[in-house]
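Novice: I have a structure I would like to understand better, so I am pasting it below and will then ask my questions one at a time.
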Amino acid sequence: MHFLRNALDHLPRKHGDDCLQELRWLYDCRDLEEAKTDLAAWLGKWSGKYPRLAGWVEETIEQTLTFLRLPRTHHKYLKSTNMLERPNEEIRRRTYVVRIFPNTDSCLRLVRALAVETHENWMEANRYINMNDLREHKKLALRNAA
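If you use the numbering used here, the sequence shown closes out at 200, no skipped numbers anywhere.
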């Protein structure tokens with residue numbers, strides 16, 4: 055995960071294996087409230103030893119935990135960037151084969167065709183994420199809010 059790799063920039067070299075392992079465990083929490091509780095405990099434990107890392111984590115981790123607001127069945131798919139990296143890699147591979155495009159529009163047509171192909175595969179074939187779970191999750195959240 056990119057967030058954890060970036061955390062290494064805020065640690066002294068050859069230190070913090072236990073610290074990063076405990077930070078990694080935050081991504082296995084069941085929901086956002088549990089993650090916030092565990093984060094507070096993590097900050098209490100490590101902020102004295104690694105204040106630079108603790109400050110950075112406190113500022114930036116909220117962005118990486120947004121997937122915890124979604125249904126639990128979606129967590130394992132959305133906590134990484136694989137869903138974005140795979141189509142980007144396919145675009146890179148296909149444009150490398152062509153190498154030189156006659157104009158910008160021809161490159162855009164290829165990328166657009168790849169996006170349509172990816173969308174059709176998602177709609178027809180293996181459903182990576184079951185959207186019914188998300189609908190039920192939203193209904194439950196609305197009931198609880200009322």
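Glycine is no exception: its CB is placed at the ideal position from the N, C-alpha and C atoms.
Answer yes or no: do Pro-141 and Thr-118 have a C-beta to C-beta separation smaller than 8 Å?
Specialist: no
Novice: For a quick check, are the C-beta atoms of Ile-183 and His-129 less than 8 Å apart?
Specialist: no
Novice: I'd like to know whether the C-beta atoms of Leu-122 and Ala-167 end up nearer to each other than 8 Å.
Specialist: Against a cut-off of 8 Å, the Cβ pair of Ala-167 and Leu-122 comes out as no contact.
Novice: Contact between the region 58-74 and the region 91-107 is defined here as three or more beta-carbon pairs at a separation below 8 Å; is this criterion met?
Specialist: yes
Novice: Suppose the cutoff is 8 Å on Cβ atoms and the five residues either side in sequence are ignored; what does the same chain contact list for Trp-79 look like?
Specialist: Asp-92
Novice: So the candidates are Ala-200, Thr-114 and Asp-85; which of them puts its Cα closest to the Cα of His-56?
Specialist: Thr-114
Novice: May I have a chain-ordered list of the alpha helix (DSSP H) segments no shorter than 4 residues that lie completely inside the region 102-162?
Specialist: Those alpha helix (DSSP H) runs which fall completely within the region 102-162 and span 4+ residues are 105-118, 126-132 and 136-152.
Novice: Tell me the DSSP secondary structure of Asn-186 in three-state form.
Specialist: helix
Novice: For His-191, which three-state DSSP category applies?
Specialist: Helix, per DSSP.
Novice: From which residue to which residue does the alpha helix (DSSP H) around Arg-78 run?
Specialist: Counting along the chain, the alpha helix (DSSP H) containing Arg-78 begins and ends at 71-79.
Novice: Note down the Cα distance separating Glu-139 from Thr-149, rounded to an integer number of angstroms.
Specialist: Here the alpha carbons of Thr-149 and Glu-139 stand approximately 15 Å from one another.
Novice: Within the same chain, show all residues whose beta-carbon is closer than 8 Å to that of Val-165, passing over the 5 residues directly before and after it, in chain order.
Specialist: Excluding the 5 residues flanking it on each side, Val-165 has same chain C-beta neighbours closer than 8 Å at Ile-145 and Thr-149, in chain order.
Novice: Looking at C-alpha atoms only, which residue of Asp-85, Ala-169 and Arg-153 is the closest neighbour of His-191?
Specialist: Asp-85
Novice: Helix, strand or coil for Ala-167, going by three-state DSSP, please let me know.
Specialist: helix
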